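S.K.: Numbering (this note's numbering), first residue to last: 383 to 677.
Below: one structure in structure tokens.
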């Protein structure tokens, strides 16, 4: 069967855990595993361009009911002549003439065949935990930006809530974990030239208290949250929107999220810093505790 010419339709932004689709393509991978491309899927994939949220866990079920574990899923792309997977994708999402697809990785060659109808079933508890972690990550970054608002001597680009966007300007890596996240920031010469005062990080315990106070205020509001999107295609724009007490915020995001901050009992952060290569590396670890009945 030929390679797909349109993006995979992705259903996970709506919270979907089960999807029915058709196998469009099977791709032997270099490590001996098989990559499966379906026309649509509820399975969230890792995007090598910004691999913050891990792939879902789950199975793909063939027409005879046989279930094969999905070892992982990554974003791939094809120009119709070949399938490029993960970091091997040579173009940016949305490039004309390219289709961007979810590549489901299975360890066995006995999985479903091209043209077969299949069902994807996602592990609901793992999805819940990653969704909670991703929402908590966004909240923590906004709260951190607010806590550091007075640390800037120059005007810089604001975040979705109007605070100077330390997170966007200093972020090195962001990793979503079940019910949490780990964000690593680099404070070096470039950030100082933009007007950031590193002395604002001298009291990390005090910084954590200020961030936690904001997070507690937001969590108790039980604010509604959602994903707004322009379409169901993998490269269609998606934004995380949350109706915080101070006003609605919107952040471009391809991940999954909880539907309201009432899903949390608490969200809290802790900080650690170290000197590295002439810069300060700040690590923010965010932990989200599910509300009673959600754990």
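In this text, a Cβ means the ideal position worked out from N, Cα and C, and glycines have one as well.
Since this is a predicted model, take the numbers as computed values, not measurements.
(1) Does the segment 437-444 come close enough to the segment 563-574 to have 3 or more Cβ pairs within less than 8 Å?
(2) Apart from the five residues on each side of it in sequence, which residues of its chain come closer than 7 Å, Cβ to Cβ, to residue 592?
(3) Report back the beta-carbon spacing between residue 674 and residue 647 to the nearest angstrom; my notes put them in contact at under 8 Å.
(4) Whole angstroms are fine: how far does the CA of residue 637 sit from the CA of residue 398?
(5) Whose C-alpha, out of 422, 396, 386 and 425, is nearest the C-alpha of residue 407?
(6) Counting only the same chain and skipping the five closest in sequence on each side, list residues whose C-beta sits under 6 Å from that of residue 451.
(7) By Cβ distance below 6 Å, which residues in the same chain neighbour residue 388 in space, the five residues on each side in sequence not counted?
(8) Since residue 618 and residue 633 are thought to touch, with beta carbons under 8 Å apart, how far apart are those beta carbons, to the nearest angstrom?
(9) Using alpha carbons as the reference points, say which of 600, 558, 607 and 614 lies closest to residue 668.
(10) Near residue 681, which residues of its chain fall below 6 Å by C-beta distance, leaving aside the five closest residues on each side in sequence?
(11) Would you say residue 456 and residue 430 are within 8 Å of each other, going by their C-beta atoms?
(12) Assign residue 707 to one of three DSSP states: helix, strand, or coil.
(13) For residue 401, is the classification buried or exposed, using 16 other Cβ atoms within 10 angstroms of its Cβ as the cut-off for buried?
(14) With three or more beta-carbon pairs closer than 8 Å as the criterion, would you say the segment 469-480 touches the segment 516-527?
(15) Okay, do the segment 403-417 and the segment 484-493 touch, 3+ Cβ pairs below 8 Å being the bar?
M.R.: Let's see:
(1) no
(2) As a working mapping, residue 592 is identified with position 210 in the chain shown. These residues qualify, in order along the chain: 529.
(3) Numbered from its first residue, the chain shown carries residue 674 at position 292. Numbered from its first residue, the chain shown carries residue 647 at position 265. Contact holds; Cβ gap of about 7 Å.
(4) For the purposes of this step, residue 398 is identified with residue 16 of the chain shown, where counting begins at 1. For the purposes of this step, residue 637 is identified with residue 255 of the chain shown, where counting begins at 1. One C-alpha to the other measures close to 13 Å.
(5) Position 25 of the chain shown, counted from the start, is the residue given in the question as residue 407. Answer by Cα proximity: 386.
(6) Counting from 1 along the chain shown, the entry for residue 451 is found at position 69. Result list for residue 451: 441, in chain order.
(7) The residue given as residue 388 occupies position 6 in the chain shown. So the list reads 481, once near-sequence residues are dropped.
(8) Counting from 1 along the chain shown, the entry for residue 618 is found at position 236. Counting from 1 along the chain shown, the entry for residue 633 is found at position 251. In fact, because the Cβ distance is near 16 Å, the residues do not count as touching under 8 Å.
(9) The residue given as residue 668 occupies position 286 in the chain shown. Ranking the options by Cα distance to residue 668, first place goes to 558.
(10) Here the chain comprises residues numbered 383 to 677, so residue 681 is not present and cannot be evaluated.
(11) Here residue 456 is taken as the residue at index 74 of the chain shown, counted from 1. Here residue 430 is taken as the residue at index 48 of the chain shown, counted from 1. Cβ distance < 8 Å, so residue 456 and residue 430 count as in contact.
(12) Past the edges of the chain, shown from 383 to 677, lies residue 707, and the structure says nothing about it.
(13) Along the chain shown, one-based indexing puts residue 401 at 19. Flag for residue 401 reads buried.
(14) no
(15) yes
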